[in-house]
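Visitor: Sharing a structure here in structure tokens format.
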Amino acid sequence: MNHTGFVVSDMGRSLDFYQDLLGLKQERNQILEGEFISELVGYPDARLHIVYLGTGDLRHSVELIQYLNPAGTAAPMPERHQVGASHLGVIVNDLDAFYAELSSRGVRFVSPPAIRPGAVYPMASKGCYMQDPDGNWLELLERPPAPEGTTQA
1 MNHTGFVVSD
11 MGRSLDFYQD
21 LLGLKQERNQ
31 ILEGEFISEL
41 VGYPDARLHI
51 VYLGTGDLRH
61 SVELIQYLNP
71 AGTAAPMPER
81 HQVGASHLGV
91 IVNDLDAFYA
101 ELSSRGVRFV
111 SPPAIRPGAV
121 YPMASKGCYM
131 QDPDGNWLEL
141 LERPPAPEGT
151 TQA
């Protein structure tokens with residue numbers, strides 16, 4: 001896998017969320033325009049502000065895309081159960097603390113962390129859904145410790 005992309009309305013606000021609240025690091029930040037990008041996205045004279053964020057391992061990134069031309073417009077976000085809905089799963093070490101911190105800063109969650117009794121690595125022992133400032137869904141997961149000698153994936 002290379003990246004998961006989200007179209008956003010305000011890059012500054014999204015960077016505040018993904019960098020400051022979630023702790024992701026910028027891997028690339030650029031304006032893309034020209035024949036290649038116009039052909040790729042299917043819009044003549046396309047101009048996009050794209051930022052890739054990750055954990056620093058350069059394996060899988062979150063790609064934030066703000067369409068500067070044509071300007072992006074808000075659309076209703078599908079509910080989690082609707083066809084076409086998507087989400088990004090993120091593993092965290094202490095979901096309860098993460099939930100408390102983000103909730104205190106106004107992040108919208110579906111519910112507090114749900115607990116899965118008896119979960120065995122690599123299954124999630126806790127999980128919850130939240131939304132970024134544009135309504136894109138993220139699923140936060142906490143795993144039990146990996147058995148000794150297991151390489152974490």
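Residue numbers (full-length UniProt numbering): 1 to 153.
Glycine residues also receive a C-beta, built at the ideal position from the N, C-alpha and C atoms.
On a predicted model such as this, the values are computed, not experimentally measured, just so you know.
Would you call the region 41–52 in contact with the region 61–70, where contact means no fewer than 3 C-beta pairs closer than 8 Å?
Guide: yes
Visitor: Using only the alpha-carbon positions, how far apart do Arg28 and Gly84 sit?
Guide: So the two alpha carbons sit approximately 27 Å from each other.
Visitor: Under the three-state reduction of DSSP, which class applies to Phe90: helix, strand or coil?
Guide: It should be noted that the sequence gives Val, not Phe, for residue 90. Strand at Val90.
Visitor: How is the beta strand (DSSP E) around Phe6 delimited, first residue to last?
Guide: His3 to Val7
Visitor: Please state whether DSSP places Gly118 in a helix, a strand or coil.
Guide: In this structure, DSSP gives Gly118 a state outside helix and strand, which the three-state scheme calls coil.
Visitor: Output the boundary residues of the alpha helix (DSSP H) element that contains Tyr67.
Guide: Not the alpha helix (DSSP H): Tyr67 falls in the beta strand (DSSP E), residues Ser61 to Asn69.
Visitor: Determine the direct distance from the alpha carbon of Met123 to that of Pro78, and round the result to whole angstroms.
Guide: The straight-line gap from Cα to Cα measures roughly 26 Å.
Visitor: May I have the straight-line CA-CA distance separating Glu142 from Gly12, to the nearest angstrom?
Guide: 28 Å
Visitor: In angstroms with no decimal places, state the Cα-to-Cα distance between Leu22 and Val92.
Guide: 10 Å
Visitor: Quick one: grab the DSSP three-state call for Arg105.
Guide: coil
Visitor: Could you name the residues of the same chain whose beta carbon sits closer than 7 Å to that of Ala119, not counting the 5 residues immediately before and after it, in chain order?
Guide: Ser125 and Pro144
Visitor: Is the CB-CB distance between Leu24 and Thr4 below 8 Å?
Guide: no
Visitor: Going by C-alpha distance, which of Gly89, Ile31, Leu140 and Gln131 is nearest Ala114?
Guide: Leu140
Visitor: In terms of alpha-carbon separation, which member of Ala146, Ser9, Val107 and Cys128 lies closest to Arg80?
Guide: Cys128
Visitor: How would you call Ser86, buried or exposed, if buried means at least 16 neighbouring beta carbons within 10 angstroms?
Guide: exposed
Visitor: If you reduce the DSSP assignment to three classes, tell me which class Glu148 lands in.
Guide: In the three-state scheme derived from DSSP, where H, G and I count as helix and E and B as strand, Glu148 is classed as coil.
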